[in-house]
Structure formats: C-alpha cells, structure tokens
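Residue numbers (our numbering): 336 to 548. Backbone N, C-alpha and C fix where the C-beta goes; we use that ideal spot for every residue, glycine too. Note that this is a predicted model, so its numbers are computed, not measured. Data block below; observations after.
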Amino acid sequence: MKFDDGIDKKYRDSVNAAFDTIMKVGDDEHRMYIGEILDSDMLIRVRPVSEVKASGITGLISPVKANYDLATERLSLRDALGLIYIAIAEETIDTGGQRGCEGTLVHEGRHAYDFAAMIESHSNADMNPLGVLDPTLYDLEWNAHKAAGNYMLRVGKADYLDEGVSLMILCNAADGSCEVSDDGIRQRLNESYGLIADTKTGPLATKMLGLIV
C-alpha cells in the first residue's frame with residue numbers, strides 16, 4: 336500500500352492505525368484481503384468529501400493504463416491492486432475518527448480486493464476461462480456490507496454495534512447480542528442503492544471501471 340502525495344500526517348497516521356487494528360481484530364477474511372492490500376502498491380488518497388462524494392470510494396488510478404496492462408500483460412492479484420485506489424474523505428476521519436476510518440477501509444478494501452480479483456481473472460482468462468469473474472454492483476455491495484458487519488461484531492464496542500444497527504447491517508438477536516442481518520442488508524441495498532437480488536443487480540464491475548474485456 337502507498338499513499339498519494341500531500342496527505343497530512345494526521346490522516347496518514349489514522350489510516351496506518353486503522354490497517355493495523357483491522358489486521359489484529361478482524362477475522363480471517365479481513366486479514367486476507369487487507370493483507371493483500373498492504374503487500375501491494377494500491378494507492379490511498381485522502382480528499383475533501385466534496386471531491387470524494389462519499390465516506391470513501393474505490394476506483395482505477397488510470398483506466399487507460401489498466402486497459403493497456405490488461406491487454407498486454409499477465410497480471411497477478413497484487414499487480415491488479417496496484418492499479419486501484421481507495422479515496423477516503425477527510426471528514427470521515429475528522430468526524431468519525433478511527434471507527435470511521437476502519438469502517439471505510441473494511442468496506443472499500445473489500446471492493447478493492449473484488450475489483451483486483453476480477454482484473455486478475457480476465458488477465459488470465461486464456462489459462463482459466465471458467466475462473467473469469469465479473470461481479471455485479473449488488474455482489475460488490477453485498478460482500479462489502481457483510482465484511483463491515485462481521486468487523487463490527489469482532490470489535491464488539493457499543494459505538495460500532497450501534498452504528499451497525501442504525502445502518503441495518505446488524506440486528507439485535509433474541510439473547511440481546513448483535514448479529515449480522517442479511518434481511519437488513521438486503522433492505523439497505525434496495526433503499527440506498529436501488530438494488531434487488533436477481534432482478535435489479537446493477538452494472539457489472541468491468542463496466543463500472545470502464546474496462547474493455
């Protein structure tokens with residue numbers, strides 16, 4: 336993982352601390368994809384929310400370069416991660432603190448991993464045509480929301496759990512504990528993204544990123 340130029344030290348420190356915490360507290364899935372990100376050249380940007388338009392966003396550093404590399408090279412997962420950036424809004428860290436930073440990196444980190452896995456699969460389609468991936472927006476958001484919910488449970492602190500319940504990612508179980516709410520996530524994806532499983536699944540990842548495959 337590398338930082339974009341000109342990021343204030345407090346934001347760099349927050350991102351580094353968040354990655355460290357996720358690796359320590361997260362489950363096997365979190366450690367798998369965050370570990371791949373940390374060992375790659377994926378780019379971290381921190382920009383004003385007026386530019387990011389969300390708490391965080393994931394995309395290609397250069398769609399032109401990504402398409403060229405995809406057409407001319409055989410890319411590994413980490414090669415593909417090196418084509419990707421995650422941008423975090425300054426306000427996410429300023430207002431949400433470490434909880435906001437961790438949550439954004441868990442969610443957007445899963446997007447980055449899924450994008451990279453898709454790019455790797457297309458790069459090696461001639462060797463493994465049955466392994467080609469092209470998740471829909473629904474698939475991507477489902478994976479990221481499930482990862483976020485599982486992370487909140489792993490942390491287990493009241494503010495993390497309360498946020499999860501408020502976002503419909505978690506729900507209260509009969510015994511008073513919290514658990515990931517598949518029904519809540521489905522409702523959230525419908526109400527916030529206009530997505531419904533099997534019927535309104537959104538664009539494919541290749542189209543979202545402008546890849547020519």
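Any idea what DSSP makes of residue i, helix, strand or coil?
i, result
"N459", "coil"
"K344", "helix"
"G417", "coil"
"V399", "helix"
"V548", "coil"
If you follow the alpha helix (DSSP H) that residue i is part of, which residue opens it and which one closes it?
i, result
"A532", "Neither: A532 is in no alpha helix (DSSP H) and is coded neither H nor E."
"T541", "540-544"
"L488", "472-490"
"V500", "493-501"
"V384", "384-387"
Which two residues bound the contiguous beta strand (DSSP E) that contains residue i?
i, result
"E408", "Element bounds for E408: n/a, residue is neither H nor E."
"L505", "505-507"
"M515", "A small fix is needed here, since residue 515 is Val in this sequence, not Met. Unbroken beta strand (DSSP E) run through V515: 513-515."
Taking residue i and residue j to be in contact with their CB atoms under 8 Å, please state how far apart those CB atoms are, rounded to whole angstroms.
i, j, result
"I421", "A447", "6 Å"
"G438", "I372", "About 15 Å; that fails the 8 Å criterion."
"A401", "H442", "Incorrect: roughly 22 Å between the Cβ atoms, too far for contact."
"R409", "S458", "6 Å"
"T536", "T471", "4 Å"
"E476", "Y528", "6 Å"
"R434", "D494", "6 Å"
"A353", "C436", "4 Å"
"L524", "Y473", "6 Å"
"I520", "H480", "5 Å"
"G511", "L505", "Their Cβ separation, rounded to whole angstroms, is 13 Å, which puts G511 and L505 out of contact at 8 Å."
Uninterrupted alpha helix (DSSP H) stretches inside the segment 350-379 (no shorter than 4 residues): Fully enclosed alpha helix (DSSP H) runs of 4 or longer: 363-373.
Cβ contact check for the segment 509-519 and the segment 532-543: 3 or more pairs under 8 Å: Segments in contact, no.
The segment 351-371 touching the segment 486-496, judged by at least three CB pairs closer than 8 Å: With the rule of 3 Cβ pairs closer than 8 Å, the segment 351-371 counts as touching the segment 486-496.
Any 3 or more C-beta pairs closer than 8 Å across the segment 402-422 and the segment 451-460: At 8 Å Cβ cutoff, the stretches touch.
Cβ contact check for the segment 385-403 and the segment 538-547: 3 or more pairs under 8 Å: The segment 385-403 makes contact with the segment 538-547, as at least three CB pairs between them are under 8 Å.
The segment 377-390 in contact with the segment 336-354 per 3-pair CB rule at 8 Å: Judged by Cβ distances under 8 Å, the segment 377-390 makes contact with the segment 336-354, as three or more pairs qualify.
Every unbroken alpha helix (DSSP H) within the segment 419-450, with a cutoff of 4 residues, ordered by chain: DSSP assignment within the segment 419-450 yields no whole alpha helix (DSSP H) run of 4 residues or more.
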